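Notes follow the structure.
There are 2 protein chains.
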Amino acid sequence: MDMTRRDIHNSEVPALCRSCEVRHKGMCGALTPDELLLLSKHTRQVQHTSGDELVGEGADVESYDNVMRGVVKLSKTLEDGRQQIVGLQFAPDFVGRLQAGESPMTAEAASDVEVCRVPRAMLERLVEQSPTLRKRLLEQALRELDEAREWMVTLGRKTAAEKVASLLLLIALHLDPEQKGEKRLFDLPMSRLDIADFLGLTIETVSRQMTKLKADGIITITANRHIEVLSLTRLKARCG
Amino acid sequence: MDMTRRDIHNSEVPALCRSCEVRHKGMCGALTPDELLLLSKHTRQVQHTSGDELVGEGADVESYDNVMRGVVKLSKTLEDGRQQIVGLQFAPDFVGRLQAGESPMTAEAASDVEVCRVPRAMLERLVEQSPTLRKRLLEQALRELDEAREWMVTLGRKTAAEKVASLLLLIALHLDPEQKGEKRLFDLPMSRLDIADFLGLTIETVSRQMTKLKADGIITITANRHIEVLSLTRLKARCG
DNA sequence: CACTGGGCTTGATCTTGATCAAGGATGGAC
DNA sequence: GTCCATCCTTGATCAAGATCAAGCCCAGTG
Numbered sequence: 009m010d011m012t013r014r015d016i017h018n019s020e021v022p023a024l025c026r027s028c029e030v031r032h033k034g035m036c037g038a039l040t041p042d043e044l045l046l047l048s049k050h051t052r053q054v055q056h057t058s059g060d061e062l063v064g065e066g067a068d069v070e071s072y073d074n075v076m077r078g079v080v081k082l083s084k085t086l087e088d089g090r091q092q093i094v095g096l097q098f099a100p101d102f103v104g105r106l107q108a109g110e111s112p113m114t115a116e117a118a119s120d121v122e123v124c125r126v127p128r129a130m131l132e133r134l135v136e137q138s139p140t141l142r143k144r145l146l147e148q149a150l151r152e153l154d155e156a157r158e159w160m161v162t163l164g165r166k167t168a169a170e171k172v173a174s175l176l177l178l179i180a181l182h183l184d185p186e187q188k189g190e191k192r193l194f195d196l197p198m199s200r201l202d203i204a205d206f207l208g209l210t211i212e213t214v215s216r217q218m219t220k221l222k223a224d225g226i227i228t229i230t231a232n233r234h235i236e237v238l239s240l241t242r243l244k245a246r247c248g
Numbered sequence: 009m010d011m012t013r014r015d016i017h018n019s020e021v022p023a024l025c026r027s028c029e030v031r032h033k034g035m036c037g038a039l040t041p042d043e044l045l046l047l048s049k050h051t052r053q054v055q056h057t058s059g060d061e062l063v064g065e066g067a068d069v070e071s072y073d074n075v076m077r078g079v080v081k082l083s084k085t086l087e088d089g090r091q092q093i094v095g096l097q098f099a100p101d102f103v104g105r106l107q108a109g110e111s112p113m114t115a116e117a118a119s120d121v122e123v124c125r126v127p128r129a130m131l132e133r134l135v136e137q138s139p140t141l142r143k144r145l146l147e148q149a150l151r152e153l154d155e156a157r158e159w160m161v162t163l164g165r166k167t168a169a170e171k172v173a174s175l176l177l178l179i180a181l182h183l184d185p186e187q188k189g190e191k192r193l194f195d196l197p198m199s200r201l202d203i204a205d206f207l208g209l210t211i212e213t214v215s216r217q218m219t220k221l222k223a224d225g226i227i228t229i230t231a232n233r234h235i236e237v238l239s240l241t242r243l244k245a246r247c248g
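The listed protein sequences derive, respectively, from chains A and B. Residue 9 is where the first sequence starts when you use our numbering, and the numbers rise one by one after that. Residue 9 is where the second sequence starts when you use our numbering, and the numbers rise one by one after that.
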């Protein structure tokens, strides 16, 4: 039984992190009322604006974040500055490498982001004592692993046109899974440079491919980041 | 505390899977003697020769494999046949997507391989009852996730020359971590086509880059797959 | 309003790696 | 041994995408 992000979000386990004063089910959903109460005393709701760094590559892990709203991008950088985005985290994902002293990558707010921050010691204590939480975290790790491997196919074997289509599809499906039908309207949570860094391309190539999708009547671009997908089917057909 | 593959292999937990009549610590190391005894009654040692498929993409997951010897490659294929290798599994890695009805990718023996095969129902029962095993599996999932993301940087942002150097380095360090000093002697566990599919390149490009590394005195190629790295430092310097 | 700067698009040209095409090694079958 | 198939290398050419170079759009500022 494969739990999707949606399933986790909608699961029936009651969860209320008091310091955040909201229900967030990504992590808390796995906890007992007692554990939740304990957790609540240590969590802190934090707002980030686009571009803020949550954790730096190689920095000591001090805390973990449960994404409540917005999109967090995970990236790695080579010595000479070449950058690759290795993952996007949407609500209610959990950000932060467990069981590691230092973060293997940078986590940065792609859009304005709201997170529930848990101190490292606290979370590790909970992970230690809660098998349910470990199970939930294993599920997320396995899902992220699937997503990373899926993306490796995109990076290694798809053309620029297919890469751009794949990213638009990914975002369209993640940002508002509620929208039905063939059309999707959304704001890109990232700049052209971010897109290029995610796809292993340059901004110019991304721009040209977006223009082409527009010319072919598959999307319309209202503002730079305001996208409407006119036909999901035709978009999927371009994903390779 | 980050457990490396080596640490797991060398951990002090006693483990003996009776049907295999060998200690294999990747998975069994996390079990109690009672659980191990139970497991032993259901495992089966299986030999595969290079090219054998362990699990097909989209096939129902019937069992899981603990790699004992050799290298298993994980790959995904697009409809039109383009293939991407998304991971290599060395002993004592565990092969098989937990908590999924069907495998998201193909697992294939890259070299001759020996595995300890556990029926699905059996493993799921053990995972359910053993928090230690879940912890061990979470560790492997997190390590694989790190490796996958590291490889995304290689796929997305490195040149052909850097990609080939990175793969040789990866294999040199994995296959025999005992070898010390600047030199490494090993057999490539994969064909030029496999290498190309791992790196998102063509066989011709791989071949040219290997020739270049040889010409530059960084490796010698005895037979097609018999490689000696003459200077790890100089190889690392080419990894980008 | 004009000015500025950042992010995006578009065009011209160049480079890297793909593609097409031969030919060379290696190993198994007979 | 010869034949054959498979895998690998090398060379010539091509094309996808990078790079270089303007110019555009738009929000923010004075």
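Each residue gets a CB set at the ideal place from its N, CA and C atoms; glycine is no exception. A quick note: this is a predicted structure, and the numbers were derived from the prediction, not measured.
Span separating the alpha-carbon of residue i from that of residue j
i, j, result
"residue 106 (chain A)", "residue 150 (chain B)", "8 Å"
"residue 33 (chain A)", "residue 227 (chain B)", "With a pLDDT of only 49 at residue 33 (chain A), under 50, the local geometry of the prediction cannot be trusted, and the value read off the model is given with reservation. The straight-line gap from Cα to Cα measures roughly 52 Å."
"residue 197 (chain B)", "residue 186 (chain B)", "18 Å"
"residue 142 (chain A)", "residue 131 (chain A)", "11 Å"
"residue 86 (chain A)", "residue 115 (chain A)", "15 Å"
"residue 245 (chain B)", "residue 191 (chain B)", "15 Å"
"residue 219 (chain B)", "residue 212 (chain B)", "11 Å"
"residue 66 (chain B)", "residue 54 (chain A)", "41 Å"
"residue 47 (chain B)", "residue 215 (chain B)", "45 Å"
"residue 120 (chain A)", "residue 234 (chain A)", "16 Å"
"residue 200 (chain A)", "residue 111 (chain B)", "34 Å"
"residue 223 (chain B)", "residue 176 (chain B)", "16 Å"
"residue 100 (chain B)", "residue 49 (chain A)", "41 Å"
"residue 82 (chain B)", "residue 45 (chain A)", "42 Å"
"residue 205 (chain B)", "residue 165 (chain A)", "8 Å"
"residue 230 (chain B)", "residue 77 (chain B)", "23 Å"
"residue 318 (chain B)", "residue 155 (chain B)", "Not covered by the structure: residue 318 (chain B). The range shown for chain B is 9 to 248."
"residue 41 (chain B)", "residue 145 (chain A)", "27 Å"
"residue 75 (chain A)", "residue 247 (chain A)", "28 Å"
"residue 163 (chain B)", "residue 203 (chain B)", "12 Å"
"residue 43 (chain A)", "residue 138 (chain A)", "9 Å"
"residue 84 (chain A)", "residue 69 (chain A)", "16 Å"
"residue 56 (chain B)", "residue 136 (chain A)", "38 Å"
Residue-level contact to chain B via CB, residue i, 8 Å cutoff
i, result
"residue 149 (chain A)", "yes"
"residue 143 (chain A)", "yes"
"residue 43 (chain A)", "no"
"residue 154 (chain A)", "yes"
"residue 198 (chain A)", "no"
"residue 201 (chain A)", "no"
"residue 84 (chain A)", "yes"
"residue 134 (chain A)", "no"
"residue 187 (chain A)", "no"
"residue 157 (chain A)", "yes"
"residue 59 (chain A)", "no"
"residue 248 (chain A)", "yes"
"residue 113 (chain A)", "yes"
"residue 89 (chain A)", "no"
"residue 208 (chain A)", "yes"
"residue 10 (chain A)", "Residue placement at residue 10 (chain A) is flagged as unreliable, the pLDDT there being 43, under the threshold of 50; the coordinate-derived value follows with that caveat. With 8 Å as the cut-off, residue 10 (chain A) counts as an interface residue toward chain B."
Candidates the options, of which the one nearest residue i by Cα
i, options, result
"residue 170 (chain B)", "B:209, B:157, B:181", "B:209"
"residue 61 (chain A)", "A:173, A:113, A:215", "A:113"
"residue 237 (chain A)", "A:52, A:184, A:152", "A:184"
"residue 52 (chain A)", "A:200, A:136, A:75, A:125", "A:125"
"residue 173 (chain B)", "B:68, B:181, B:221", "B:221"
"residue 95 (chain B)", "B:71, B:76, B:118", "B:118"
"residue 161 (chain A)", "B:79, B:68, B:63, B:90", "B:90"
"residue 64 (chain B)", "B:181, B:76, B:109, B:138", "B:109"
"residue 104 (chain B)", "B:93, B:41, B:127, B:88", "B:127"
"residue 239 (chain A)", "A:207, A:180, A:217", "A:180"
"residue 59 (chain A)", "A:80, A:193, A:72", "A:80"
"residue 207 (chain B)", "B:178, B:241, B:195", "B:178"
"residue 73 (chain B)", "B:88, B:122, B:92, B:93", "B:122"
Beta-carbon neighbours of residue i, restricted to chain A and to distances below 9 Å
i, result
"residue 126 (chain B)", "Within 9 Å Cβ-Cβ: nothing; residue 126 (chain B) doesn't reach chain A, min ~17 Å."
Where residue i meets chain B, residues with beta-carbon distance less than 8 Å
i, result
"residue 195 (chain A)", "Correct list: empty, because the minimum Cβ distance to chain B is about 24 Å."
"residue 95 (chain A)", "157"
Within chain B, partners of residue i - CB distance below 7 Å
i, result
"residue 92 (chain A)", "160, 161, 164, 165"
Below-8 Å beta-carbon distance, residue i vs any chain A residue
i, result
"residue 21 (chain B)", "Because residue 21 (chain B) carries a pLDDT of 37, less than 50, the predicted location of this residue cannot be relied on, and the following value inherits that uncertainty. False, the Cβ-Cβ gap to chain A never drops below 8 Å."
"residue 3 (chain B)", "Not covered by the structure: residue 3 (chain B). The range shown for chain B is 9 to 248."
"residue 146 (chain B)", "yes"
"residue 100 (chain B)", "no"
"residue 33 (chain B)", "Because residue 33 (chain B) sits at a pLDDT of 49, beneath the cut-off of 50, its placement in the model cannot be relied upon, and the following sentence gives the value as read from the coordinates. Not one chain A Cβ lies under 8 Å of residue 33 (chain B)."
Partners in chain A for residue i, counting only beta-carbon separations shorter than 8 Å
i, result
"residue 130 (chain B)", "The premise fails here: residue 130 (chain B) is roughly 17 Å from chain A at the closest Cβ pair, so nothing lies under 8 Å."
Closer than 7 Å: residue i CB and nearest the ligand GTP heavy atom
i, result
"residue 232 (chain B)", "No copy of the ligand GTP appears in this structure; indeed no ligand is present at all."
Q: Any chance you could list the beta strand (DSSP E) runs of at least 3 consecutive residues sitting entirely within the segment 61 to 116 of chain A, in chain order?
A: Within the segment 61 to 116 of chain A, the complete beta strand (DSSP E) runs of at least 3 residues are 61 to 63, 71 to 77, 79 to 85, 91 to 98.
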